[in-house]
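Take the sequence shown: its letters are residues 1 to 151, numbered as in our numbering.
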Amino acid sequence: ASIVNNTVVGSRNAISGAAGTGIVVYFDAPPGGAITATVVNNLVLNNAACGIDAHNAPAVISHHNDVRGNGTDYCGSAAGAGNFSFDPLLVNAGGGDYHLSPASPAINAGFNAEAPATDKDGVSRPVGVWVDIGAYESLFGYRLSLPLITR
């Protein structure tokens, strides 16, 4: 199973309104065979319960995710290589716009090998050298850096 280039923000249980989890890799019992779940290039933010939850999962490969501000960021698993916890600087999350702003640390920070060829808007990936983390590819390709000018 692969969970790649998603943006999951503020999950709650749709029926009860109880605390929700961003990404869940769940097995009722540990499977007898070799099964690997891949969780890569995802923005997992401000979910009431857990950010990434691995329950009875035999092998979870988790890398290049931005996991931040959840009740608990990782449950049943640990952060993998390339995972980080920075504010992704979304354009307007409160208004439902989950695109990356030009200064986002998620721009050009993903892993190309598992990424889909296009983002949720149909924009080809990558725009820069590396794919962006989350469901949307920035049209900037690189993080915006402005010079500091003092007088």
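By construction, the Cβ of each residue, glycine as well, lies at the ideal position given by its N, Cα and C atoms. Fair warning: this is a prediction, and the values are worked out from it, not measured in the lab.
For SER62, the enclosing beta strand (DSSP E) begins and ends at 60–63. Straight-line measurement puts the Cα of ALA115 at about 27 angstroms from the Cα of ALA49. Bridge partners of ASP132 according to DSSP: none are assigned.
The stretch 125–141 makes no contact with the stretch 20–29: fewer than 3 CB pairs, one atom from each, lie closer than 8 angstroms. The continuous beta strand (DSSP E) containing ALA37 extends over residues 37–40.
If you draw a 10 Å sphere on the C-beta of VAL129, you find fewer than 16 other C-beta atoms in it, and that means exposed.
About 20 angstroms separates the CB atoms of SER85 and THR38; that is not less than 8 angstroms, and the two are not in contact. The beta carbon of ALA113 is closer than 8 angstroms to none in its chain, skipping five residues each way along the sequence.
When DSSP assignments are scanned along the stretch 78–109, no uninterrupted stretch of alpha helix (DSSP H) that is 4 or more residues long falls wholly within it. Judged by beta-carbon spacing, PHE140 lies beyond the 8 angstroms limit of ASN41, meaning their Cβ atoms are not closer than that value.
Ranking CYS75, HIS55 and VAL44 by CA distance to the CA of THR36 puts HIS55 first. Cβ neighbours of PRO88 within its own chain (closer than 8 angstroms, five residues either side excluded): LEU43, LEU45, ASP66, ARG68, LEU100, SER104, PRO105, ALA106, ILE133 and GLY134.
In this structure, the beta-carbon distance from TYR74 to THR7 does not fall below 8 angstroms.
According to DSSP, ALA54 shares a beta bridge with VAL25. Between ASN47 and ASN13, the C-beta gap is not smaller than 8 angstroms, which leaves the two residues out of contact.
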